[in-house]
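Peer 1: No gaps in the numbering here: position 14 of the sequence shown is 14 in UniProt numbering, and each next residue is one more.
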Amino acid sequence: MEQRLIKEFLARFSESAEKIRIFFAPGRVNLIGEHTDYNGGYVFPAALTMGTYMVVRPRKDKMFYLGSTNFEQKVSFSLEELVYKEEDDWGNYPKGIIKELAALNVNLTGADILYHGTLPNGAGLSSSASIGMTTAYGLTELFNHSIKRVDLALAVQRMENTFIGVNSGIMDQFAVGFGEKDHALFLNCATLETEKVRLALPNYKIVITNTNKRRGLADSKYNERRDECEEGLKTAQTVYSSLQNLSELTVEMFNEIESKFESDIIKRRVRHIVTENERVVKAKEALNHSNLREFGELMKASHESLQFDYEVTGKELDVLFMLQRQVEGCVGTRMTGAGFGGCTVSIVREDAVKTFKDSVKEDYEKQTGLTPTFYICDIGDGVKELKGVIV
Ligand code: GLA
């Protein structure tokens, strides 16, 4: 793969004596803990082996020339014009990161960059954090400026919040930055403390199913949920005045104040956050004790909470959920990521994977008119340089 990408890079950009380097950042799948990150809660994602490659070579003229094997459009800009432009489309992600790095005093002098993504875009597997982290890490390495990974993750989040305009939390950037092969990452989003938990699933596979539903309104609904949580927090603070975020509420505390929420919608949003946090903690314990049955039950409860209380699933995800949970050998299944389309994640016994795919495909097509895509995932490492490539 790396040699092929270098060939492609050289075909697009002129030859030069400067050394080409290759970086890779994965996408992520979240096992459980959805919409908790921006409420200071727990999440439990893992890095995938699918992700974004960046082939890069420095320039000295302050220009950036970007190409991608996934999109025809080429994007170029100078260090002096780091502004969001609608027509730059996907190029706004790297551009926003370059702006963030410049603000962190990284001495950038320009670069030629070719990206190659193996993640489906807009499917809830964090293609945006992936391109963001490979660019952030790759350029700081290229320009010999060491920045802590946590600060790179925060820079990528700032880029998404301020440059792109999606108020995402910190889960994706952390999973992409700190993931480790065969491990899930338990992250406390209030303190940013992490714990790696071995994902030993002998005889089981993690299967991602893509609804292939285009996610039109995702961003605005996402921001709407954030606003609803803010409102819920204000109500909770009228009783618990020192509360910093919704994740500090336990289920018992929530039960005490349930009647204070005038809006049923806000009450349900808060209930999701509170119960989901509890599920993440239990899920980590279940995994530590190799209790897959319990882990799977928590996944299903998480989906139902996202369906009925948080209302971010939608027809396609719910159809997949209903079909998948009925398959013998599927111990757990739920939507993953922001929702409103995108993917589900399931834990399926190895010898049942074929039946799982065949039966789900057929029934899902019948019920939605869409064809799903399945990915049997391997859990990989966080962002890194691919060394040993001869150029
Ligand atoms: C998106 C956001 C994350 C997180 C999830 C929902 O992936 O980027 O920060 O909020 O949705 O859990």
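Even glycine gets a Cβ: it sits at the ideal position worked out from N, Cα and C.
By Cβ distance, which residues of its chain are closer than 6 angstroms to Glu-18, with the 5 residues on each side in sequence left out?
Peer 2: Arg-57, Pro-58, listed in sequence order.
Peer 1: DSSP puts Thr-373 in a beta bridge; with which residues?
Peer 2: For Thr-373, which the question treats as bridged, DSSP gives the partners Asn-210.
Peer 1: Buried or exposed for Pro-202, please, with buried defined as at least 16 other CB atoms from any protein chain shown within 10 angstroms of its CB.
Peer 2: Exposed: under 16 other Cβ atoms inside 10 Å.
Peer 1: Measure the Cβ-Cβ separation of residue 404 and Ile-208 and say whether it is below 8 angstroms.
Peer 2: A query on residue 404 cannot be resolved here, the shown segment of the chain reaching from 1 to 391 and no further.
Peer 1: Under 8 angstroms, do Tyr-65 and Asp-112 count as touching if we go by C-beta distance?
Peer 2: Contact: yes.
Peer 1: Less than 7 angstroms between the CB of Ser-130 and some heavy atom of ligand 1, yes or no?
Peer 2: No, the beta carbon of Ser-130 sits no closer than 7 angstroms to any heavy atom of ligand 1.
Peer 1: If I measure Cβ to Cβ from Gly-67 and keep anything under 6 angstroms in the same chain, skipping five residues before and after, which residues do I get?
Peer 2: Contacts found: Arg-12, Lys-74, Leu-114.
Peer 1: I'd like to confirm something about Asn-30: is its beta-carbon nearer than 7 angstroms to some heavy atom of ligand 1, or not?
Peer 2: Yes, the beta carbon of Asn-30 sits closer than 7 angstroms to at least one heavy atom of ligand 1.
Peer 1: Could you check the C-alpha separation between Asn-70 and Leu-119 for me, to the nearest Å?
Peer 2: Roughly 10 angstroms separates the two Cα atoms.
Peer 1: At 4 residues or longer, what runs of the alpha helix (DSSP H) sit wholly inside the segment 301-364?
Peer 2: Segments of the alpha helix (DSSP H) lying fully in the segment 301-364: 315-325.
Peer 1: Roughly how many angstroms lie between the CA atoms of Phe-295 and Ala-47, to the nearest whole one?
Peer 2: Cα-Cα distance, rounded: 19 angstroms.
Peer 1: If you check the beta carbons only, do Gly-380 and Phe-340 fall under 8 angstroms apart?
Peer 2: Not closer than 8 angstroms, so no.
Peer 1: Closer than 5 angstroms between the C-beta and any heavy atom of ligand 1: which residues qualify, listed along the chain?
Peer 2: That gives Glu-34, His-35, Asp-37, Ser-168, Gly-169, Met-171, Asp-172, Gly-337, Ala-338.
Peer 1: According to DSSP, is Glu-193 helix, strand or coil?
Peer 2: In this structure, Glu-193 counts as strand in the three-state DSSP scheme.
Peer 1: Name the residue from Gln-157, Lys-354, Ile-147 whose alpha carbon lies nearest to the alpha carbon of Asn-107.
Peer 2: Considering only alpha carbons, the answer is Ile-147.
Peer 1: Count the CB pairs spanning the segment 88-101 and the segment 157-177 that are closer than 8 angstroms, and state whether there are at least three.
Peer 2: The segment 88-101, when compared against the segment 157-177, does touch it at the 8 angstroms Cβ threshold.
Peer 1: At what residues does the beta strand (DSSP E) containing Thr-49 begin and finish?
Peer 2: Note, Thr-49: beta strand (DSSP E), 45-58.
Peer 1: Can you tell me whether Ile-20 is helix, strand or coil according to DSSP?
Peer 2: In this structure, Ile-20 counts as coil in the three-state DSSP scheme.
Peer 1: From which residue to which residue does the beta strand (DSSP E) around Ala-184 run?
Peer 2: Element bounds for Ala-184: 183-188.
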